[in-house]
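Under this note's numbering, the first residue of the sequence shown carries the number 32, and numbering increases by one thereafter.
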Amino acid sequence: MSLLTAGSNRCDTAGLVDATGAGQEYAGEPAPLELRVTRPGTPDRRLRIGSDRCTLGSGEGCTVRLADSAVRPLHAVILTAGGRVLIRGYAIPIEINEHFALEAFLQPGDAFCLGPYRFEILSVPASLPARTESPQLDNAFDQSLRSQWVRTQQRLEALTQRYQQTLDSLEQAREESHQARRRIESLQQECRDRADLQAHQNQAHAEEIRHQADQVSHLQFEVLRLREELEQTRERLEQAERDNERLLRNTTQLTAAAQSHEADRLDWERRLSELTDEILRHQAQNVSAQRESAASELAPEEPAPSNPARPDSPPVATKRTDSSPGPPAPTTPPAPTTPSMPLESVEHRMNRMLGEIGKLIEDPEVNFAPESSKAKSTGASVRADLAVNTSLAAGKPSVAGAASASRDATRSNAASIARAAAERSAEHSADASVLRHDKPDARGGVHQPEAGNVPQPASLRTARPSSRIRAMRPDRPMSVRRGGYVPTRFERWQLVALPVLAAFLFICGYRNPDLALVWNVAGCLALGLAAFFLYDVRREISAARWKRAITGQP
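Pasting the structure below:
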């Protein structure tokens, strides 16, 4: 350990101190203050300070100059007076015995630090004896120390007050900084919360916008689909209207044709009845004439009466000449006063009428299937009757054979007409026309038919055609039944299909509110058709029961 004296020029070369301008030592007296200086990385040194006031710092003019950046230019001052050592720091506290203080009295063993340097007190100077040779000098020195200490104390108080103010301002600034930090943190947290809320709201809004966009696209697709369905429904309705109009036209045409055929049929039946009556009258006239001629040939000649009969008077019945008993001869009925018609004209008219009736029967537009055989049989019987009458007029058969053939033909013709009229009228009503025919006499002859026994022309069909129009299956022909054109009946599968169709239409109306009216009207029409079907079936059953009750069929 080297020993350095304060104020020596070696301090600068050693890198420890620079003691320029140090106080002078008294000759033969010990140093007043001795210190041990240590610094990390350098050997320890001893420093002896002989002046009463020693400044320490890194600036020029300091008693002990410390060359280090951590040391201030004027860091501290050491004052020695009356055997006591006082150290005071400039502006900042000094670490003394591991405590910080602005000033403190030093004793041997104390230590203080200035930057990286550590100073340890080894010895302090003792009290100096009074110097008699210069008392004024001592008083002046004491006065200067006292004034210096006062100034130092005042400056220290001012610095302490400034330091305290600075500490207060720092503390206040620290509090303000803490409050500002807390306010900033709260604002940051609020901003983060607002940002999170805004992000959540933006996400929810974006989700809602996407959902609305999906709904809009779905609604647009649904509108397109409904528009297509509306177009298809409109096309179907237009097609149905066209079909209904065509069906109505066809039905009107068929109804008009049926009425025309019915009128023609009634006219032909009337004309046929008139011709039948005319043939019967002509046959009766021929039979009466033949009987008169036969009676005049077989009877003996008698004198002519005084009063000859008028040509229009009836002939007198003759008596039998043989002796065999027998029934009395019937009285010959008077000849009709109606002028006779030539047989050729009657035959020509009958042939023409039968030809027209055959054409009417063979007409494909009207179904005469149930009555075709009867009409043909009637026509055949009329032709046979006409042939018999023609043969009788020509005189080919005998009188009895001609009468029998004429009677049989007349009976068969009347019976066939009566049966046909009864069968046809029984299907429509309970009244059946029973035709009466003439009775033969005892000899096998035929009387002149009375007015009540002449078969009257019966209406084979009612003159009032049915008003019902075929509503379904327009491709089927209309049939003639029970006095008029009756539409083809419904089928069983249609009874099941109509309620199912109505239910389907109602479901479509429920699922499509925009077209609910159209679907519901169509469903009501389907239910109406089903109800009409049930009504028609019930009417058919009632008609069948009534027919069986009238005709006595099981």
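Every residue gets a Cβ at the ideal spot worked out from N, C-alpha and C, and that includes glycine.
Is L565 helix, strand or coil when you go by DSSP?
-> Here residue 565 corresponds to residue number 534 of the sequence shown, with the count starting at 1. Note: L565 maps to helix in three-state DSSP.
Work out the CA separation of I572 and S319 for me, nearest whole Å.
-> If you number the sequence shown from 1, residue 319 lands on position 288. If you number the sequence shown from 1, residue 572 lands on position 541. Distance between S319 and I572, taken at the CA atoms: about 53 Å.
Within this structure, are the beta carbons of A142 and E151 separated by less than 7 Å?
-> Here the question's residue 142 lines up with position 111 in the sequence shown. Here the question's residue 151 lines up with position 120 in the sequence shown. Yes, the Cβ-Cβ distance between A142 and E151 is below 7 Å.
Burial state of W550 (16 or more Cβ within 10 Å) = Counting from one through the sequence shown, the residue named residue 550 turns up at place 519. Result: buried.
In this structure, does DSSP put R312 in helix, strand or coil?
-> Within the sequence shown, numbered from 1, the residue matching residue 312 stands at position 281. Judged by DSSP in its simplified three-state form, R312 adopts helix.
Reduced DSSP category for I118 - H, G, I as helix; E, B as strand; rest coil = Numbered from its first residue, the sequence shown carries residue 118 at position 87. Assigned with DSSP and collapsed to three states, I118 falls in strand.
Cα-Cα separation between T264 and L565, rounded to whole angstroms = Residue mapping note: residue 264 aligns to position 233 of the sequence shown, counting from 1. Residue mapping note: residue 565 aligns to position 534 of the sequence shown, counting from 1. The straight-line gap separating the alpha-carbon atoms of T264 and L565 is approximately 29 Å.
If we count the other Cβ atoms within 10 Å of its Cβ and call it buried at 16 or more, is G554 buried or exposed?
-> Taking the first residue of the sequence shown as 1, we reach residue 554 at position 523. Around the Cβ of G554, a 10 Å sphere holds 16 or more other Cβ atoms; the residue is buried.
P356, buried or exposed, once every other Cβ within 10 Å from all chains shown has been counted against 16 | Residue 356 sits at position 325 when you count from the first residue of the sequence shown. Low local confidence applies: a pLDDT of 42 at P356 is under 50, so the model's placement there is unreliable, and no value is given.
Residues sharing a beta bridge with A132, DSSP | Taking the sequence shown and counting its residues from 1, the one referred to as residue 132 is at position 101. Its beta-bridge partners are I125.
By the 10 Å Cβ neighbour count, where 16 or more other Cβ atoms means buried, how is R177 classified, buried or exposed?
-> In the sequence shown, residue 177 corresponds to position 146, counting from 1. Exposed: under 16 other Cβ atoms inside 10 Å.
Look at the alpha carbon of N233 and the alpha carbon of A244, and state the distance between them as a whole number of angstroms.
-> Within the sequence shown, the letter at position 202 stands for residue 233. Within the sequence shown, the letter at position 213 stands for residue 244. Rounded to whole angstroms, N233 to A244 spans 16 Å at the Cα level.
CA-to-CA distance, R277 to A533, given in whole angstroms = Here residue 533 refers to the residue found at position 502 when the sequence shown is read from its first residue. Here residue 277 refers to the residue found at position 246 when the sequence shown is read from its first residue. Between A533 and R277, the C-alpha separation is close to 24 Å.
Where T111 and C85 are concerned, what is the direct C-alpha to C-alpha distance, given to the nearest angstrom?
-> As a working mapping, residue 111 is identified with position 80 in the sequence shown. As a working mapping, residue 85 is identified with position 54 in the sequence shown. T111 and C85 have their alpha carbons spaced roughly 9 Å apart.
R103 (DSSP reduced to helix, strand or coil) | Translated into the one-based positions of the sequence shown, residue 103 becomes position 72. In the structure shown, R103 sits in coil (DSSP, three-state: anything other than H, G, I, E or B).
Sheet register partners of R84 (DSSP bridge) | Start at 1 with the first residue of the sequence shown, and residue 84 comes out as number 53. Note: R84 is bridge-paired with L110 in the DSSP secondary-structure output.
Going by Cα to Cα distance, which pick from E522, P544, K578 is closest to L560?
-> Here residue 560 refers to the residue found at position 529 when the sequence shown is read from its first residue. Nearest of E522, P544, K578 to L560, Cα basis: E522.
Per DSSP, which residues does C144 bridge with? Please list them.
-> As a working mapping, residue 144 is identified with position 113 in the sequence shown. Answer is E126, R149.
Beta-carbon spacing of L105, G90 below 7 Å = Your numbering for residue 105 matches position 74 in the sequence shown. Your numbering for residue 90 matches position 59 in the sequence shown. In this structure, L105 places its C-beta atom within 7 Å of the C-beta atom of G90.
Can the beta-carbon of E216 be found less than 7 Å from the beta-carbon of S154?
-> Position 185 of the sequence shown, counted from the start, is the residue given in the question as residue 216. Position 123 of the sequence shown, counted from the start, is the residue given in the question as residue 154. No, the pair does not count as a contact, with Cβ atoms beyond the cut-off.
From this set, R322, L117, T73, Q525, which residue's C-alpha is nearest P139's C-alpha?
-> Residue mapping note: residue 139 aligns to position 108 of the sequence shown, counting from 1. Nearest Cα to P139 within the set R322, L117, T73, Q525: L117.
Inter-residue CB distance, V108 and R119 (contact presumed, cutoff 8 Å) = What you label residue 108 is simply residue 77 of the sequence shown in a count that begins at 1. What you label residue 119 is simply residue 88 of the sequence shown in a count that begins at 1. Sure, about 5 Å apart at Cβ, within 8 Å.
Whole angstroms is fine: what's the gap from A157's alpha carbon to T197's?
-> If you number the sequence shown from 1, residue 157 lands on position 126. If you number the sequence shown from 1, residue 197 lands on position 166. Linking A157 to T197 through their CA atoms gives a straight-line distance of about 40 Å.
Separation of I310 from L529, as counted between CA atoms | What you label residue 529 is simply residue 498 of the sequence shown in a count that begins at 1. What you label residue 310 is simply residue 279 of the sequence shown in a count that begins at 1. Computed Cα separation, rounded: 57 Å.
Secondary structure of P530, DSSP reduced to three states | Locating residue 530 in the sequence shown gives position 499, counting from the first residue. P530: helix per DSSP, three-state reduction.
Counting along the chain, where does the beta strand (DSSP E) carrying V68 start and finish?
-> Looking up residue 68 in the sequence shown gives position 37. Where V68 is concerned, the enclosing beta strand (DSSP E) stretches over 64-70.
For V552, which of helix, strand or coil comes out of DSSP?
-> Here the question's residue 552 lines up with position 521 in the sequence shown. Of the three classes helix, strand and coil, the one that applies to V552 here is helix, per DSSP.
Inter-residue CB distance, Q94 and S82 (contact presumed, cutoff 8 Å) | Here residue 94 is taken as the residue at index 63 of the sequence shown, counted from 1. Here residue 82 is taken as the residue at index 51 of the sequence shown, counted from 1. Contrary to the premise, residue 94 reads as Thr rather than Gln in this sequence. About 7 Å; that satisfies the 8 Å criterion.
Excluding sequence positions up to five away, which residues of its chain have a Cβ less than 7 Å from the Cβ of L190?
-> Residue 190 sits at position 159 when you count from the first residue of the sequence shown. Only residues of its own chain outside the window of five on either side were considered, and among them A122 have a CB closer than 7 Å to the CB of L190, listed in chain order.
With distances taken Cα to Cα, identify the nearest neighbour of G540 among T69, E260, V68.
-> Translated into positions along the sequence shown, residue 540 becomes position 509. Of the listed residues, the one whose Cα sits closest to G540 is E260.
Can you have a look at I538 and say buried or exposed, based on whether 16 or more other CB atoms are within 10 angstroms of its CB?
-> Your numbering for residue 538 matches position 507 in the sequence shown. That one is exposed.
If we count the other Cβ atoms within 10 Å of its Cβ and call it buried at 16 or more, is G88 buried or exposed?
-> Here residue 88 corresponds to residue number 57 of the sequence shown, with the count starting at 1. Taking a 10 Å sphere around the C-beta of G88, we find 16 or more other C-beta atoms and assign the residue as buried.
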